[in-house]
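Notes for the one structure printed next.
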Amino acid sequence: MPTNKNSLQGDLLHMVKLVSVDFFQIKVVRQSLNILLVSLLLLELTQTYMFLKKFDIFFLIQYGPSFTGTIFVLLSTFTIPYSTQLVAKFFNELKYWDLKNADPKVEENIKREARRINLYLILYLILVASSAVFNMIPNQDDVAMMHYFMIARTYFPRWENCFFWVFRFSYPMIGLIMISPYIQVLYCCKCFKFKSLLLLSALEEIEYGFEDSGDSGFQSEIKNKLIFCVKLYNNILTGSLKMVKDIKYLIIFFVTTSAWLIISLLFFSVYFQEMLSGKYLRFSTLTSASLILGLYLLYTCQDVEDVSSEIFDVLKNLSWYRWNQENRKIYLMFTIVCQNPLRIEFSENMVVDYSLGAQLAKTVYSVMSVLAQLKDFGR
1 MPTNKNSLQG
11 DLLHMVKLVS
21 VDFFQIKVVR
31 QSLNILLVSL
41 LLLELTQTYM
51 FLKKFDIFFL
61 IQYGPSFTGT
71 IFVLLSTFTI
81 PYSTQLVAKF
91 FNELKYWDLK
101 NADPKVEENI
111 KREARRINLY
121 LILYLILVAS
131 SAVFNMIPNQ
141 DDVAMMHYFM
151 IARTYFPRWE
161 NCFFWVFRFS
171 YPMIGLIMIS
181 PYIQVLYCCK
191 CFKFKSLLLL
201 SALEEIEYGF
211 EDSGDSGFQS
221 EIKNKLIFCV
231 KLYNNILTGS
241 LKMVKDIKYL
251 IIFFVTTSAW
261 LIISLLFFSV
271 YFQEMLSGKY
281 LRFSTLTSAS
291 LILGLYLLYT
301 CQDVEDVSSE
311 IFDVLKNLSW
321 YRWNQENRKI
331 YLMFTIVCQN
341 PLRIEFSENM
351 VVDYSLGAQL
361 AKTVYSVMSV
371 LAQLKDFGR
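Just so you know, full-length UniProt numbering puts 39 at position 39 of the sequence shown, and the rest follows in order with no gaps.
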């Protein structure tokens, strides 16, 4: 097995970590998040009071996206300090790129993918910033679409322009806040994948340098490499399970809020179609940013599952019959542990992979069909 002592030292996903973790550890940013959290909480309480006071179905549909969007931003702002600490703590405990005998080809493939991810993130941030800028541009329908604009005009008419621009200038920061929890999950998943690829490389070359099982030191070398692989897999497994346990309920809240936001947007687009005209750049960039992040998250989680399944496949094809009894016992225990692939799983019925994407697509299609029928019935 070739030796590469400088194998993958340092954080390859430095851009991802900078945006989703390091940025939110800056003192000024943390203080800004606290101020934003209090402001959003007061705004959401005000919106809730006005919804309950008016309690009109079309009023709820008209300002539903604004109301649920504020809840989503509030949840993200509340979550980020906690999730940032979790990610930072997680990587302090995780044995980082510590595989000394990685195949140079595998190492280069990992580095190439990491460079692509960093580049994709930069392009994605440009898309998010573009969406924020397009939404900052004043429009005559802003008051009719954004409930907080309506509140400012109703209760603070003298200061409405000041409030309007405060809201608008907060959009870039809010855009970053909304996507950061998802990027943090992506960051962890990609690191799990890279570690799994390194483990695959070690397993595939576990007998490298030995042609005959009778060679001196063969069984001892196999034992050392097996124990090394078991420890590496245990590091990956315990890290992933701990991450899922720590963010389990947060993800459920995010999925629920996201579904609520999508449904409210669908209702709005059906009953207030005329407000969407002339706002192509606003909604196209916003929709694209949401879809790209959601689909890439599903792809990444599925990718982790697929790579971990390959570990079991490689184990099955090893020449275990050439090993002594002690090594076979280690191999058997390792194989049993690796039978179930790594998954971002929050319950028996909720796994973040392609199946979840298919279920969400079916739900959205069903809601759209019902809305279309209701609209036709109303006519």
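Quick reminder that beta carbons are idealized off the backbone N, C-alpha and C, glycines included.
Buried or exposed (CB count within 10 angstroms, at least 16 for buried), Phe24: If you number the sequence shown from 1, residue 24 lands on position 24. Answer is buried; the Cβ neighbour count reaches 16.
Quick check on the DSSP output: the alpha helix (DSSP H) that includes Asp246 runs from which residue to which? Your numbering for residue 246 matches position 246 in the sequence shown. Where Asp246 is concerned, the enclosing alpha helix (DSSP H) stretches over 218–271.
Determine the burial state of Ser201: buried for a count of at least 16 other Cβ atoms within 10 Å of its Cβ, exposed for fewer. Translated into positions along the sequence shown, residue 201 becomes position 201. Within a 10 Å sphere around the beta-carbon of Ser201 sit 16 or more other beta-carbons, which makes this residue buried.
Does the Cβ-Cβ distance between Pro181 and Thr79 come in under 8 Å? On the sequence shown, position 181 is the one that residue 181 refers to. On the sequence shown, position 79 is the one that residue 79 refers to. Yes, the pair counts as a contact, with Cβ atoms nearer than the cut-off.
Quick check on Glu44: does DSSP put it in helix, strand or coil? One-based indexing of the sequence shown puts residue 44 at position 44. Correct three-state label for Glu44: helix.
Residues near Pro341 by beta carbon distance below 6 Å, same chain, minus five either side: Residue 341 sits at position 341 when you count from the first residue of the sequence shown. So the list reads Glu305, Ser308, Ser309, once near-sequence residues are dropped.
Contact check, Glu44 vs Thr70, beta carbons under 8 Å: In the sequence shown, counting from the first residue as 1, residue 44 sits at position 44. In the sequence shown, counting from the first residue as 1, residue 70 sits at position 70. Yes, the Cβ-Cβ distance between Glu44 and Thr70 is below 8 Å.
Given a cut-off of 8 Å, decide if Ile179 and Leu281 are closer than it, judged by their beta-carbon atoms. As a working mapping, residue 281 is identified with position 281 in the sequence shown. As a working mapping, residue 179 is identified with position 179 in the sequence shown. No.
Closest residue to Trp260 among Ala114, Leu86, Thr68, Gly278 (Cα-Cα distance): Stepping through the sequence shown from its first residue, residue 260 is reached at position 260. Each of Ala114, Leu86, Thr68, Gly278 was checked against the Cα of Trp260, and the nearest Cα belongs to Thr68.
Should Lys105 go down as buried or exposed, given a rule of 16 or more other Cβ atoms within 10 Å for buried? Locating residue 105 in the sequence shown gives position 105, counting from the first residue. So Lys105 counts as exposed.
By how many angstroms is the C-alpha of Ile61 removed from the C-alpha of Met150? Along the sequence shown, read from residue 1 onward, the residue named residue 150 stands at position 150. Along the sequence shown, read from residue 1 onward, the residue named residue 61 stands at position 61. Spanning the alpha carbons of Met150 and Ile61 requires a straight line of approximately 15 Å.
Measuring only the C-alpha atoms, how far is Asp141 from Asp22? Position 141 of the sequence shown, counted from the first residue, corresponds to residue 141. Position 22 of the sequence shown, counted from the first residue, corresponds to residue 22. Within the model, the alpha-carbon separation for Asp141 versus Asp22 is close to 37 Å.
Cutting at 7 Å between CB atoms, please list the residues of its own chain near Ile174, excluding the five before and the five after it. The count along the sequence shown starts at 1 and reaches residue 174 at position 174. So the list reads Val73, once near-sequence residues are dropped.
Would you call the CB atoms of Gly64 and Ser264 closer than 8 Å? Within the sequence shown, residue 64 is the residue found at index 64, counting from 1. Within the sequence shown, residue 264 is the residue found at index 264, counting from 1. Yes, these two residues count as a Cβ contact at 8 Å.
Below 8 Å on the Cβ atoms is my guess for Cys189 versus Ile57; work out the distance and round it to an integer in Å. Reading the sequence shown from its first residue, position 189 is the one you call residue 189. Reading the sequence shown from its first residue, position 57 is the one you call residue 57. Cys189 to Ile57, Cβ: 41 Å. No contact.
For Met187 and Leu13, I'd like the C-alpha separation in whole angstroms. Counting from 1 along the sequence shown, the entry for residue 187 is found at position 187. Counting from 1 along the sequence shown, the entry for residue 13 is found at position 13. Note that residue 187 corresponds to Tyr in the displayed sequence, not to Met. Approximately 8 Å, taken between the alpha carbons.
For Ser369, count neighbouring C-beta atoms within 10 Å of its own C-beta (all shown protein chains included) and say buried if the count is 16 or more, exposed if not. Taking the sequence shown and counting its residues from 1, the one referred to as residue 369 is at position 369. By the 10 Å Cβ count, Ser369 comes out exposed.
Backbone secondary structure at Glu345 - three-state DSSP: Along the sequence shown, read from residue 1 onward, the residue named residue 345 stands at position 345. Strand at Glu345.
According to the neighbour-count rule (16 or more other Cβ atoms, all chains shown, within 10 Å of its Cβ), is Lys53 buried or exposed? Here residue 53 corresponds to residue number 53 of the sequence shown, with the count starting at 1. So Lys53 counts as exposed.
Under DSSP, the alpha helix (DSSP H) around Ser20 begins and ends at which residues? Translated into positions along the sequence shown, residue 20 becomes position 20. That residue, Ser20, is in no alpha helix (DSSP H); it is neither H nor E in DSSP.
So, helix, strand or coil for Phe164, using DSSP? As a working note, residue 164 is residue 164 in the sequence shown. The DSSP-derived three-state label of Phe164 is helix.
Work out the CA separation of Leu295 and Leu125 for me, nearest whole Å. Walking along the sequence shown from the start, residue 125 turns up at place 125. Walking along the sequence shown from the start, residue 295 turns up at place 295. When rounded, the distance between both Cα atoms is 16 Å.
Nearest by alpha-carbon distance to residue 413: which of Asp103, Asp11, Ile262 is it? With the chain covering 1 to 379 only, the question about residue 413 has no answer from this structure.
Compute the Euclidean distance between the alpha carbons of Ile251 and Phe163, then round it to the nearest angstrom. Walking along the sequence shown from the start, residue 251 turns up at place 251. Walking along the sequence shown from the start, residue 163 turns up at place 163. In a straight line, the C-alpha of Ile251 is about 32 Å away from that of Phe163.
contact_flag[the segment 224–240, the segment 114–132] where n(CB pairs < 8 Å) is 3 or more: By the criterion of at least three beta-carbon pairs nearer than 8 Å, the segment 224–240 is not in contact with the segment 114–132.
In or out: Phe59 buried (at least 16 other Cβ within 10 Å) or exposed? Numbered from 1 along the sequence shown, position 59 holds the residue referred to as residue 59. By the Cβ neighbour-count rule, Phe59 is exposed, with fewer than 16 other Cβ atoms within 10 Å of its own.
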